[in-house]
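S.K.:
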Amino acid sequence: MIEVEFRLARPGGFTLECGFAVPARGVTALFGRSGAGKTTIIQAVAGVVRPDAGRIVVDGEVFFDSARGIDVPIEARRVGYVFQDSRLFPHLKVEGNLRYGERRSRAAERRIGFDAVVDLLGIGPLLARRPHTLSGGERQRVAIGRALLAQPRLLLMDEPLAALDGARKAEILPYLERLRDTMGLPILYVSHALDEVLRLADTLVALREGRQVAAGPLAQVMSRPDMLPVLGRFDLGTLLDCEVVRHDAAYGLSTLAFSGGELRVPQVERAVGGKVRARVRARDVAIALAKPEGVSVSNLLPAVVEEVRAQEGPYADIALRVGETQLAAMVTRESVERLGLRPGLPVWAMVKSVAVEGSRPEFLDAGL
Amino acid sequence: MIEVEFRLARPGGFTLECGFAVPARGVTALFGRSGAGKTTIIQAVAGVVRPDAGRIVVDGEVFFDSARGIDVPIEARRVGYVFQDSRLFPHLKVEGNLRYGERRSRAAERRIGFDAVVDLLGIGPLLARRPHTLSGGERQRVAIGRALLAQPRLLLMDEPLAALDGARKAEILPYLERLRDTMGLPILYVSHALDEVLRLADTLVALREGRQVAAGPLAQVMSRPDMLPVLGRFDLGTLLDCEVVRHDAAYGLSTLAFSGGELRVPQVERAVGGKVRARVRARDVAIALAKPEGVSVSNLLPAVVEEVRAQEGPYADIALRVGETQLAAMVTRESVERLGLRPGLPVWAMVKSVAVEGSRPEFLDAGL
Amino acid sequence: QAQPALTVFAAASLTNAFQDIGKLYKAKTGQEVAFSFAASSALAKQLEAGAPAAIFASADNKWMDYTEAKDLTLKATRVTPIGNSLVLIMPADTATPVTFDASFDWLAFLGTDGRIATGLTDSVPAGIYAKAALTSLGAWDKVQPRIVGAESVRAALALVERGEARAGIVYSTDAAIAKNVKVVATFPAGSHPPVEYPFEIVKGQDNPATRAFFDFLTGPEAKVVYAKYGFVVK
Amino acid sequence: MLTPEEWTAVALSLRVAFWATFWSLPVAVLTAFVLARSRFAGKSLLDGLVYLPLVLPKVVVGYLLLLTLGGRGLIGQYLDAWFGIKLIFTTAGATVAAAVVSFPLTVNAIRLALEAVDRGLETAARTLGASRLDVFFSVTLPLMLPGILSGALLAIASALGEFGATITFVSNVEGQTRTIPLAIYSATHMPDGDAMALRLTLVSVVLALGSLLLASLCDRRIRVMIGRA
Amino acid sequence: MLTPEEWTAVALSLRVAFWATFWSLPVAVLTAFVLARSRFAGKSLLDGLVYLPLVLPKVVVGYLLLLTLGGRGLIGQYLDAWFGIKLIFTTAGATVAAAVVSFPLTVNAIRLALEAVDRGLETAARTLGASRLDVFFSVTLPLMLPGILSGALLAIASALGEFGATITFVSNVEGQTRTIPLAIYSATHMPDGDAMALRLTLVSVVLALGSLLLASLCDRRIRVMIGRA
Ligand SMILES: Nc1ncnc2c1ncn2[C@@H]1O[C@H](COP(=O)(O)OP(=O)(O)OP(=O)(O)O)[C@@H](O)[C@H]1O
Ligand SMILES: Nc1ncnc2c1ncn2[C@@H]1O[C@H](COP(=O)(O)OP(=O)(O)OP(=O)(O)O)[C@@H](O)[C@H]1O
Ligand SMILES: [Mg+2]
Ligand SMILES: [Mg+2]
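Protein chains in written order, with the working numbering: chain A, 1 to 368; chain B, 369 to 736; chain C, 737 to 970; chain D, 971 to 1199; chain E, 1200 to 1428.
Okay, structure coming up:
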């Protein structure tokens, strides 16, 4: 478990209060607007700032406990910290920067290899360069590599991918996922980008102006109605826990079963019977009154309208029931009227398979 | 016109060669992967680095011309530069930072007001703070304000929004658009984020490892097949130049006409007859063999399959002809087979209105 | 007062005597006298650079000869009212009287690492005299490695007072005012050039006001002061 | 506590230290800027020249001053003839001596501070419409204030302690050039001068600690101001 | 060109300057670090103490050294009795005098450089597993190298020029303590010493320019190394 619970007042009026206990496995995303206090939490966990009062415990080891007067020094916490500004050592070449933490780790604990990291981050050609000659994205890639090679037992990442281009991001994300999955390396991850969060996170801590709005498993937090202002409307969606039932190698598709039916998605790497998670964005769900025939949309699910929330603007939020699962859909108000959508009406939900998203590596090709 | 044409070699082997002439109106996006040379171009235009040879002319004024020995000093170029790292003055409070450039501008040229900028960027509460107490996003907002208030005639923005959260981004983007539209303030804009580029840019300059891959009007560049590796597959789409034909205030919808038919989109602010641009992502276009009835999808366009490109993986790219317009669609290979899609087949394209995207402020609510 | 102050350049060793005389003079005539006390060499160089002093009182003849040769001071006004004698001193607690005869063994006297402190032997007057005296006594070659040259006689005195040096060669005036040292021998007058303090009026300053003080410096009231501080009054 | 004569020396020392610092500081800032930021042919020479007063015995420095700025000196004669400025024997001369001796220290301190100023901020200022000169005054100078303060402190301290160059250049005249160190020197030549030397030494120490305290107070405020606290 | 006597003085000056710098530099780095980075009760006092040799007339400094480190001095007597270390009248003593006098300059230069080191980098190093000490040696020290170099240069320069404290503490013993400044001083006090003074002054100037040139070469390399070129 990672238990974080503290109070910290900054000169200037900002006060942060938070308290969450999340598994020391997988990725915990800290999500919130600029100035919400995300970096401050990361800093407290790393030991860079000292809370006024509280406790920080990672995996049973107490990092900080104001009541017991414990404050473990930064270097003894063994957290890898990727800073919002990359903070490369200007006097060392890229290679020296990468090796800095590696040299200081115990040889027995070196699970993350130098060459693997260099390859992945595409920084091979930069090894002999000086940090000030690097572009913004190059710098950040080196910073990530440096933190990884320090063989941390907890990785803190403060918007690590913000300076990276989409393709590079897409390349690095799976590696982070792999790290998380294969090494049991827990990650505290700050990001504004919901797609990153959804891809990576198992657990979500949402912050707003120094207050903790919600904390818990991703799916649970995402479906809370009070998250709407935090997440923004267009990212609303439904998370589905699924089991792999079939692979269709010829078409490169897999079939997933969830409590309300089946979904066809691009082939996942998990074996039949494995558990995976899928995300359906509300805006990617269309509604039909009768089962549509001859359409390219391959995921057609029988459903019942549960609730229609007409909202300002052109859109309406629809809650559908598919089996035991509630599925969010978003359609225009005009469509609600034209189709006569009302609670209790049996309909078909059309989900384009390409819009299925997941939080596991298997879904890499499906998402954004 | 903004004419940029130069050669610049960096110690360490990187050489940048570019040459483009874009209108000194609207937003020109510099797009490319990390290390492609985007920042270098911005720096050359600002006068921060000196090209080895070439010409840089903005709106008829020669900033740099190696042949004629011209190199206008930075401060005389009057470009507002938002740096990748915010570079706030640590000895000035936030207000002092904002006023720095404003004070140095000619009073007659002050078109951008202090209060408006402060309001927009939400930095009112920060005015009396010192830069080192700001969070990453706060810093960047102040840096944007500072550049705007210097009343530049050309704005250079180097990933200005990378550190901002989605909501803040969404708030600032329209203001940038408004600046661009109402003040004729041209913007050179570096970004990795395709959605930003698509929202803002009129013109696109694509770079790859120091070489200019393409330069020209956004729509034109976006549809070039050689852009696929630059853009990434899931962002492929079609840009449609449309005219507003009707507003439907009751539903909050507008109807747009393009050469292949009509689209219903969330209400745009432009008057009837006005020109707007819409973007349809290939992954948001589904195909039906017959006109679907009773579906929430309100944009149904009769089309003809022009080309089916089966690709590796589960997907196939389909080129549809809708009137005179080519529309890209993306479906699974399984669907291609199931529906028997082949060139010449008449079909219906289903475009969810909520997936319509544009490059003008009118489409703010429609996009991502 | 109406008259501008008169500036007198005097060797640092004259500090006390001249200050007293200046006060006496002011009490008597109301005329203010300003002094600049520094090494004779520095003062001579300053005169050469055009320093507007009226009177130069040197601690040795060489620097007065120098200013004369450069036509800076008036040779005709030269007087030498006072002199000094050169003495060997030791810390009071270890002092034993010595006589400079042929049998005097300097090295035995100094012990294994004893030192003799004096002024710099090539530039500070007391040191120059000490070198001359030791040479004429035939001891210089033996003693030379044991000589430590201080920046001024005062500094040499301090080294002996603190027992850092086993002995010192200084002026009798200095020895007279020091607390913890004893004079163990006086160098014979013939062993070194006479220690003299020549005074001259600076060229272009020979006016009644200067003359008045210059005469006062060699007058009976001044001589009382000199004697008080242990100078040999001629 | 102190005799009037001693008070005179203390007051003079303070005046000399203040004015020496006051006049040399701007020149030092300029020199540091030129040395740190520009490249030209004779730069190494200028660099050497600046450090010269430090490396030479102060007596030699004083002697060189005497040769150049004395009443018959290379420059001194014209200073006197054209502007009526007399340096030898005067407090002004003592100030010059103190300024010259402290100059290398001041320049060094300021230069180090200048080199620590982030040039990216200067570039940013220029894109905001500030000329080089404007940037210097509005960005560079404020950011190097701690260094300037440190330089000023060194200047004051070394001016308070300056002896060799002063006595050689402008002699030891009470009320004009007899600063504390010269008074201490004179005192050691008086039979009963030990007490006076000790008193003046204590005054020196107190002044030094006082200016240090003042400097560290200023420093803290400046650091808060420029956000480097 | 130079007389053997003068060569001896030059060689001695170089030795003294080198060893004074060599020994004082680590102490200066430590002192600067403590002054810049820690807060404790007597800090202002330590601060004052460090600057004292600068503010006091060098002759007084020499006298204080004599009182404390002389053969009968407070500390000196034990140095001699217990370790057989004699400072007075020896080259070692001249080195100590030079080191003490240059100490404030060295500390100041290093301190300014230290304050310019980005503490964010130090924090980053600690998150990478480096202890405070390790951070100091692997990050802070390399980044402040230009300041240390500048401090060393100041130390060498002021050691080459040191006169007052040296002559007062260890006097003028040829081959032992007679450094260039002492030789120059002697020369200027001889009516016919001008030529010798000039020669030795030129040697001083050449040494100063030489060490400056060396320093600026080092500086350039260091700056390239630490990426601040
Ligand atoms: N001062 C320099 N010296 C040497 N090489 C440099 C220097 N500055 C940049 N480069 C190199 O030039 C190339 C282009 O850098 P630039 O900063 O323009 O990239 P970019 O497109 O802005 O990348 P990013 O998106 O990561 O900021 C990079 O490979 C970089 O390493
Ligand atoms: N050293 C400081 N002194 C005073 N206030 C501070 C300091 N550091 C941060 N703050 C304030 O604390 C609040 C939270 O800052 P924090 O850096 O944790 O935000 P964040 O959530 O990381 O934001 P962003 O996404 O913009 O980086 C902000 O309002 C910021 O202004
Ligand atoms: Mg942050
Ligand atoms: Mg860049």
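By construction, the Cβ of each residue, glycine as well, lies at the ideal position given by its N, Cα and C atoms.
Please confirm whether any heavy atom of ligand 1 lies closer than 7 Å to the CB of S454 (chain B).
M.R.: S454 (chain B): no, Cβ never under 7 Å from ligand 1.
S.K.: Should T407 (chain B) be listed as close to ligand 4, given that the test is whether its C-beta is under 7 Å from any heavy atom?
M.R.: Within the cutoff, so yes.
S.K.: Give a yes or no on whether the minimum CB-CB distance between V1175 (chain D) and chain E is below 8 Å.
M.R.: Cβ-Cβ to chain E under 8 Å: yes for V1175 (chain D).
S.K.: Output, in sequence order along the chain, the residues in the segment 1250-1273 of chain E whose CB is closer than 7 Å to any CB in chain D.
M.R.: For the segment 1250-1273 of chain E, which is checked against every Cβ of chain D, the residues closer than 7 Å are Y1250, L1251, L1253, V1254, L1255, P1256, K1257, V1258, V1259.
S.K.: Can you tell me the Cα-Cα spacing of P682 (chain B) and D248 (chain A), whole angstroms?
M.R.: If you take the alpha carbons of P682 (chain B) and D248 (chain A), they lie about 10 Å apart.
S.K.: Under a Cβ-count criterion, where at least 16 other Cβ atoms within 10 Å of its own Cβ denotes burial, should S908 (chain C) be classed as buried or exposed?
M.R.: Buried.
S.K.: Output the residue ranges of the beta strand (DSSP E) runs that lie fully inside the segment 607-674 of chain B and measure 3 residues or longer, sorted by chain position.
M.R.: For the segment 607-674 of chain B, whole beta strand (DSSP E) runs of length 3 or above, ordered along the chain, are 621-626, 629-634, 643-649, 653-656.
S.K.: Against chain D, does P682 (chain B) count as a neighbour if the rule is that its beta carbon must be under 8 Å from one of theirs?
M.R.: It does not; no Cβ of chain D falls within 8 Å.
S.K.: Pick from A:R153, A:E337, A:R68: whose alpha carbon is nearest that of L179 (chain A)?
M.R.: Here the closest residue by C-alpha is A:R153.
S.K.: Taking DSSP's pairing of strands, which residues face K537 (chain B) in a bridge?
M.R.: Paired residue(s): none; K537 (chain B) is not in a bridge.
S.K.: Taking C-beta pairs closer than 7 Å, name the residues in chain D that S1349 (chain E) reaches, listed in chain order.
M.R.: What S1349 (chain E) touches in chain D: N1078, L1082.
S.K.: Whole-angstrom Cβ separation of A979 (chain D) and I1150 (chain D), contact assumed at under 8 Å?
M.R.: A979 (chain D) to I1150 (chain D), Cβ: 5 Å. Contact.
S.K.: Does the Cβ of V347 (chain A) have 16 or more other Cβ atoms within 10 Å, making it buried, or fewer, making it exposed?
M.R.: Label assigned to V347 (chain A): buried.
S.K.: Check the DSSP bridge columns for F20 (chain A) and list the partner residues they point to.
M.R.: DSSP lists A:V4 as partners of F20 (chain A).
S.K.: For G1319 (chain E), go through chain A and note every residue whose CB falls closer than 8 Å to its CB, in chain order.
M.R.: Result: F83, D85, R87.
S.K.: Between T238 (chain A) and chain B, is any beta-carbon pair separated by less than 8 Å?
M.R.: So no, T238 (chain A) is outside the interface.
S.K.: Let me know the secondary structure DSSP gives V744 (chain C) once reduced to three states.
M.R.: Reduced to three states, the DSSP call for V744 (chain C) is strand.
S.K.: Mapping the DSSP letters down to three states, classify T332 (chain A) as helix, strand or coil.
M.R.: Residue state, collapsed to three classes: strand.
S.K.: Between G136 (chain A) and the rest of its own chain, which residues show a CB-CB distance below 7 Å, the 5 nearest in sequence each way excluded?
M.R.: Only A163 meet the Cβ criterion.
S.K.: Kindly indicate the opening and closing residues of the beta strand (DSSP E) around A569 (chain B).
M.R.: A569 (chain B) -> beta strand (DSSP E) spans 569-576.
S.K.: Taking Y557 (chain B) as the reference, which of B:G620, B:V719, B:L524, B:I370 has the closest Cα?
M.R.: Answer by Cα proximity: B:L524.
S.K.: In chain B, which residues lie with their C-beta within 7 Å of the C-beta of V1109 (chain D)?
M.R.: Those within 7 Å of V1109 (chain D) in chain B are F457.
S.K.: Mapping the DSSP letters down to three states, classify G766 (chain C) as helix, strand or coil.
M.R.: If DSSP states are grouped into helix, strand and coil, G766 (chain C) belongs with coil.
S.K.: Under the rule that 16 or more other beta-carbon atoms within 10 Å means buried, what is Y1048 (chain D), buried or exposed?
M.R.: Flag for Y1048 (chain D) reads exposed.
S.K.: Note down, in chain order, every chain A residue with its Cβ under 7 Å from the Cβ of R1325 (chain E).
M.R.: Going along chain A in sequence order, the residues near R1325 (chain E) (Cβ under 7 Å) are I74, E75.
S.K.: For V245 (chain A), tell me which candidate among A:S66, A:V265, A:V272 has the shortest Cα-Cα distance.
M.R.: Comparing Cα positions, the closest option is A:V272.
S.K.: 8 Å is my cut-off, CB to CB: does E1314 (chain E) come that close to chain D?
M.R.: True, the Cβ-Cβ gap to chain D drops below 8 Å.
S.K.: Find out if the Cβ-Cβ distance for the pair P817 (chain C), F745 (chain C) is shorter than 8 Å.
M.R.: No, Cβ-Cβ distance for P817 (chain C) and F745 (chain C) is not below 8 Å.
S.K.: When you compare the CB positions of A958 (chain C) and I825 (chain C), do they come within less than 8 Å of one another, or not?
M.R.: Contact flag unset, no.
S.K.: Is it buried or exposed for Q140 (chain A), if we count other Cβ within 10 angstroms and need 16 for buried?
M.R.: By the 10 Å Cβ count, Q140 (chain A) comes out buried.
S.K.: Kindly list the residues whose CB is nearer than 7 Å to the CB of L1124 (chain D), restricted to its own chain and excluding five residues on each side of it in sequence; keep chain order.
M.R.: So the qualifying residues of the chain are S1072, L1075, T1076, A1079.
S.K.: Between A377 (chain B) and ligand 1, is the CB less than 7 Å from at least one heavy atom?
M.R.: No.
S.K.: So is E357 (chain A) in contact with chain B if we call contact Cβ pairs under 8 Å?
M.R.: Reliability of the predicted coordinates at E357 (chain A) is poor, the pLDDT of 44 falling under 50, and no value is obtained from them.
S.K.: Following a CB-centred definition, is D158 (chain A) positioned closer than 7 Å to any heavy atom of ligand 3?
M.R.: Answer for D158 (chain A): yes, Cβ within range of ligand 3.
S.K.: Answer with buried or exposed for I852 (chain C), where buried requires no fewer than 16 other C-beta atoms within 10 angstroms of its C-beta.
M.R.: Result: buried.
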